[in-house]
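What follows is a single structure, written as structure tokens, with notes after it.
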Amino acid sequence: MSTDIADDRSVAPSQVPAALRELFGDRARFVDLYGDPRGAALYDDIGFSNTAEIYEILSALRKRPGPVLELAAGSGRITIPLLRAHHTVTAVDLAADMLAILADRIAALGSSAGSCDLRCADMVDIDCAPGTFDSVVIATTSASLLTPEQRAEMFTGIARALTDDGILLISTVDSDDGHNEADDLDISTVTGSSGTTYRMHELWPAHADARHLAVVEIDPATGEPRDDTEVHLSRVGVVPVATLTDELRSTGFEVRRERAIRDTAGTRHRYVLLEAALR
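The letter at position 86 of the sequence shown is residue 86 when you use UniProt numbering, and the numbering goes up by one with no holes.
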């Protein structure tokens, strides 16, 4: 299928890095990973069983019983463990399809877990009374989806939403100064919670400030992607720890602890969870 055929989900060929176009060929169709229920289901199938960050976040919040605001909550990879630990959570995500999956998971928990309020909203636009939350969580390196200007607006809103002694937990992936000298392509095979097998391609272009994730479903009969496969794409900014620390400082925060995320050991890049508080 030609990538020149476009609909609301399609990604224009000009927006796809040449390395990925060459890898998949001109019969592949590139679509937005976050563009529709199918993308949401794929993302959830791959990501929900990933335990990275959960231990570090729960450890940081162990002695903080106050309400938690989780931004970019998705389908609940972090939300559900927070609720099982009896936290009161407000979970925000812009994708209604993701929140629908999360709502079903919350309903299945029953009354033995903490309570959760779901909000379909942009994480940049934090609408709550001042001092509402004891903690704010931004996991899965989601802050890197935003521009520096959007992050500044988000951090300003978080500062207003937090109690005076509240904390912000935010994860990022560190790649030295944020730039590679040559293209760096990681290819891995993962099995989703449903048993479906996927091939994941993470491209870090040389001298770029963003990385590209491409996910394809594997045909069980051949062990390879189908010729007319849909390639689900996501473009994610690279925000090194030093950059994120400076941005937080400029909006009134001070990073007081940096935790290495243990379930990412062995990957090429360093994943960390920063804990910041208002100065």
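The beta-carbon is built from N, C-alpha and C at its ideal position, and this holds for glycine as well.
Please read these numbers as outputs of a predicted model, since none were measured by experiment.
Exercise. When we look at the beta-carbon of Ala-95 and count the other beta-carbons within 10 Å, is it buried (16 or more) or exposed?
Worked result: As a working note, residue 95 is residue 95 in the sequence shown. Flag for Ala-95 reads buried.
For this session: Go through its chain and collect everything with a Cβ distance to Arg-226's Cβ below 7 Å, but skip five positions before and after it.
Result: Counted from its first residue, the sequence shown places residue 226 at position 226. Cβ neighbours of Arg-226 beyond the five flanking positions: Asp-219.
For this session: Give me the Cα-Cα distance between Val-272 and Ser-188, rounded to the nearest whole angstrom.
Result: Numbered from 1 along the sequence shown, position 272 holds the residue referred to as residue 272. Numbered from 1 along the sequence shown, position 188 holds the residue referred to as residue 188. Those two C-alpha atoms are separated by around 21 Å.
For this session: Report all residues from its chain with a CB closer than 6 Å to the CB of His-87; omit the five preceding and five following residues, and keep chain order.
Result: As a working note, residue 87 is residue 87 in the sequence shown. Counting only Cβ-Cβ distances below 6 Å, and skipping sequence neighbours, we find Val-68 and Gly-114.
For this session: Could you tell me which uninterrupted beta strand (DSSP E) segments, each at least 3 residues in length, are contained entirely in the stretch 189 to 219, listed from first to last along the chain?
Result: 197 to 204 and 210 to 219
Exercise. Which residue spans inside the stretch 76 to 147 form an unbroken beta strand (DSSP E) run of at least 3?
Worked result: 89 to 93, 116 to 120 and 133 to 138
Exercise. Rounded to a whole number of angstroms, what is the C-alpha to C-alpha distance between Ser-234 and Glu-224?
Worked result: As a position in the sequence shown, residue 234 is number 234, starting the count at 1. As a position in the sequence shown, residue 224 is number 224, starting the count at 1. Cα to Cα, the separation comes out at about 21 Å.
Problem set entry | Opening and closing residue of the beta strand (DSSP E) in which Phe-253 lies | Residue mapping note: residue 253 aligns to position 253 of the sequence shown, counting from 1. Here the beta strand (DSSP E) through Phe-253 covers 253 to 260.
For this session: Report the option in Thr-140, Arg-279, Arg-29 and Arg-119 whose CA atom is closest to the CA atom of Thr-156.
Result: Position 156 of the sequence shown, counting from 1, holds the residue named residue 156. The shortest C-alpha separation from Thr-156 is found at Arg-279.
Exercise. CB-CB under 8 Å to Glu-275, same chain, minus the five flanking residues each way: which ones, in chain order?
Worked result: For the purposes of this step, residue 275 is taken as residue 275 along the sequence shown, with counting starting at 1. For Glu-275, where only same-chain residues beyond five positions count, the Cβ hits under 8 Å are Ala-60, Ile-167, Leu-168, Leu-169, Val-255, Arg-256, Arg-257, Glu-258 and Arg-259.
Exercise. Looking at C-alpha atoms only, which residue of Thr-197, Leu-203, Leu-71 and Gly-237 is the closest neighbour of Ala-221?
Worked result: Counting from one through the sequence shown, the residue named residue 221 turns up at place 221. The option with the nearest alpha carbon to Ala-221 is Thr-197.
For this session: Report all residues from its chain with a CB closer than 6 Å to the CB of Gly-39; omit the five preceding and five following residues, and keep chain order.
Result: Taking the first residue of the sequence shown as 1, we reach residue 39 at position 39. For Gly-39, where only same-chain residues beyond five positions count, the Cβ hits under 6 Å are Leu-33 and His-232.
For this session: Use the C-beta contact count for Asp-125: other C-beta atoms within 10 angstroms, 16 or more gives buried, fewer gives exposed.
Result: Counting from 1 along the sequence shown, the entry for residue 125 is found at position 125. By the neighbour-count rule (16 or more Cβ atoms within 10 Å), Asp-125 is not buried but exposed.
Exercise. Along the chain, where does the beta strand (DSSP E) that runs through Val-272 open and close?
Worked result: The count along the sequence shown starts at 1 and reaches residue 272 at position 272. First-last of the beta strand (DSSP E) with Val-272: 270 to 278.
For this session: For residue 288, write down the residues that DSSP places opposite it in a beta bridge.
Result: Lying outside 1 to 279, the shown extent of the chain, residue 288 is not represented and no answer is given.
Exercise. Mapping DSSP to helix, strand and coil, what is Ser-234?
Worked result: For this step, residue 234 is matched to residue 234 along the sequence shown. If DSSP states are grouped into helix, strand and coil, Ser-234 belongs with the strands.
Exercise. Going by the CB atoms, is the gap between Pro-205 and residue 285 shorter than 8 Å?
Worked result: Residue 285 is absent from the structure shown; the chain starts at 1 and stops at 279.
For this session: Indicate the three-state DSSP secondary structure (helix, strand or coil) for Gly-25 in the structure shown.
Result: Translated into positions along the sequence shown, residue 25 becomes position 25. Looking at Gly-25 - three-state DSSP - the assignment turns out to be coil, as it is neither helix nor strand.
For this session: Could you say which of Ser-171, Pro-130 and Thr-191 lies nearest to Val-241 if we only look at CA atoms?
Result: Within the sequence shown, residue 241 is the residue found at index 241, counting from 1. Of the candidates Ser-171, Pro-130 and Thr-191, the one whose C-alpha sits nearest the C-alpha of Val-241 is Ser-171.
For this session: Inspect the beta-carbon positions of Leu-185 and Ala-41 and report whether they are closer than 8 Å.
Result: Here residue 185 refers to the residue found at position 185 when the sequence shown is read from its first residue. Here residue 41 refers to the residue found at position 41 when the sequence shown is read from its first residue. No, Cβ-Cβ distance for Leu-185 and Ala-41 is not below 8 Å.
For this session: Could you name the residues of the same chain whose beta carbon sits closer than 8 Å to that of Gln-150, not counting the 5 residues immediately before and after it, in chain order?
Result: As a first step, residue 150 is located in the sequence shown; it is residue number 150 there, counting from the start. If we look at Gln-150 and ignore the five residues flanking it on each side, its Cβ neighbours are Val-124.
Problem set entry | Cβ-heavy atom distance, Ala-161 to the ligand NAD, below 7 Å | In the structure shown, the ligand NAD is absent, as is every other ligand, since no ligand is present at all.
For this session: Compare the beta carbon distance of residue 280 and Thr-251 with 8 Å and say whether it is the shorter of the two.
Result: Residue 280 lies beyond the range of the chain shown here (1 to 279); nothing can be said about it.
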